[in-house]
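Protein chains: 2
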Amino acid sequence: MMECKVIFTIARQFGSGGRDVGKKLAESLGIPFYDKSLIQIAAKESGIEESLFHSVDEEPSNSFWDALTINANIFGSLTSTYSSMPINDKLFIIQSNVIKNVAAKESCVIVGRCADYILRDEPGLIRVFVHGKEEDKLHRIIHQYGVPEADAKGLMVKTDKKRSSYYNYYADGKWGRAENYDLALNTSALGIDGAVELIKRYREIKCNK
Amino acid sequence: MMECKVIFTIARQFGSGGRDVGKKLAESLGIPFYDKSLIQIAAKESGIEESLFHSVDEEPSNSFWDALTINANIFGSLTSTYSSMPINDKLFIIQSNVIKNVAAKESCVIVGRCADYILRDEPGLIRVFVHGKEEDKLHRIIHQYGVPEADAKGLMVKTDKKRSSYYNYYADGKWGRAENYDLALNTSALGIDGAVELIKRYREIKCNK
């Protein structure tokens, strides 16, 4: 039904409901939605164990992983520069290619994983950042994600720190800075449905320009 | 014509066209628009020389101003805590009161001057941040604002630094971080008119909730 190809990337604070916004947006437009599912595709396409992708998902390179001895066979067919890379960086490259491939095919929604940066040259890109008030995020983390109240704040801070380091390590800008996104939204002010509606309106304006 | 009172605050990168967005938005909704004009009101209401407000406009406290001996008569009627404040802080308080007063009256658009932070408890507040690609901002600075090409980049960087320090000094958050705003927009992607249209749509969603 879409005359105009658009790739939505959704970066989001933990607990902001950004994933829900992306999922509802994709459903409402009838286009594919990708989040952790990208990992399955990346694992399948690369032949690398899915659990390895999960263990470094949205985490930047660090000394632990840098020091890890990698099974040389996995990367044996690649260049020597590539072989000497930390494993997170290799998985990042594999996942980047998966992201570029799904984006090349058709309109879609991609959550997290630096997709806004990876797809920065894509003309149909709409880079969204979703955030919210701390009290609303904690409420969602506890009541919707089922995290015990005592752990919610710590998990929220830690998850955003990880996302931020991952982004700041691989992308050019700083995670959460407005200038990296075409549209940044506050779900505490708009609600999930309001956010979806506004993003759809953004798409219409962009497609009718 | 507006059934629902809304105060739009527009923070903006220099050259992004944020002021134009605010002005067009105000015109289109038939509501007052405030930017530097707030200074005239502040000067008139406080009896302080307008040039003094201009000289510290969107600049944080600094040692130069801190060291300045202020005419004691100006602040004579105020508390001693207030009297010992740096002059920028006093002017900030005076201007904050002007901003609160104009916002209390009716729907309006206010550009810059930490209005998003000053009005943070206002229920009808919509905090907007406007940014753009460097090349587009430079083009606007040179061709629309008439700044010589050789000075454009320096002025852009310096102006944003000033705005950022002013905001970071007086507000709680960091200028330009998505989480401080309800809506952050990229005029390079949307254009001025597209930005105005999206902000109006935001208002409709908020008012119909």
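The listed protein sequences correspond, in order, to chains A and B.
Taking the numbering used here, the leading residue of the first sequence gets 1, the next gets one more, and so forth.
Taking the numbering used here, the leading residue of the second sequence gets 1001, the next gets one more, and so forth.
All C-beta atoms in this analysis are idealised placements derived from N, C-alpha and C, irrespective of residue type, glycine included.
Remember, predicted model here, so these are calculated numbers, not experimental data.
Looking only at its own chain, which residues have a Cβ that is under 8 angstroms from the Cβ of Asp1193/B, when we skip the five neighbours before and after it?
Lys1024
Ala1115/B, DSSP secondary structure in three states
helix
Pull up the CB-CB distance for Ala1011/B and Phe1129/B, whole angstroms please, since I reckon it's below 8 angstroms.
5 angstroms
Write down every uninterrupted run of the beta strand (DSSP E) in the stretch 91-169 of chain A whose length is 3 residues or greater and which is fully enclosed by it, in chain order.
108-111, 125-131
Pull up the distance between the alpha-carbon of Ile1118/B and that of Ile1039/B, whole angstroms please.
15 angstroms
Pull up the DSSP beta-bridge partners for Arg1012/B, would you.
Val1130/B
Assigned secondary structure, Ile41/A (DSSP; H/G/I helix, E/B strand, else coil):
helix
Cβ-based neighbour list, Glu122/A, same chain, cut-off 8 angstroms, excluding 5 preceding and 5 following:
Ile7, Ala103
Just the chain B side, please: which residues come within less than 7 angstroms of Lys205/A by C-beta, in chain order?
Residue identity check: residue 205/A is Ile in the sequence provided, not Lys. Within 7 angstroms Cβ-Cβ: Leu1190, Gly1194, Glu1197, Leu1198.
Cβ neighbours of Ile126/A in the same chain (closer than 8 angstroms, five flanking residues each side left out)
Val6, Ile7, Phe8, Thr9, Asp182, Leu183, Ile199, Tyr202, Arg203, Lys206
What is the rounded straight-line gap between the Cα of Ser1046/B and the Cα of Asp1057/B?
16 angstroms
Reduced DSSP secondary structure (H/G/I, E/B, other) of Ala252/A
In the structure as shown, chain A starts at 1 and stops at 209, and residue 252/A therefore has no counterpart that could be examined.
Given that a residue counts as buried once 16 or more other Cβ atoms are within 10 Å of its Cβ, and exposed if not, what is Gln95/A?
buried
Proximal residues, the stretch 96-111 of chain A versus chain B, C-beta separation under 8 angstroms
none
Could you pull the start and end residues of the alpha helix (DSSP H) that Lys36/A belongs to?
Neither: Lys36/A is in no alpha helix (DSSP H) and is coded neither H nor E.
Would you kindly work out how many angstroms separate the C-alpha atoms of Ser1055/B and Pro1148/B, rounded to a whole number?
23 angstroms
Partner residues on chain B for Asp183/A, Cβ-Cβ distance less than 9 angstroms
Strictly speaking, residue 183/A in this sequence is Leu, with Asp absent from that position. Residues of chain B passing the Cβ test: Leu1183, Ala1184, Leu1185, Asn1186, Ala1189, Leu1190, Leu1198.
C-alpha distance - Lys1105/B paired with Ile1099/B, whole-angstrom precision
10 angstroms
Could you name the residues of the same chain whose beta carbon sits closer than 6 angstroms to that of Tyr167/A, not counting the 5 residues immediately before and after it, in chain order?
Cys114, Trp175
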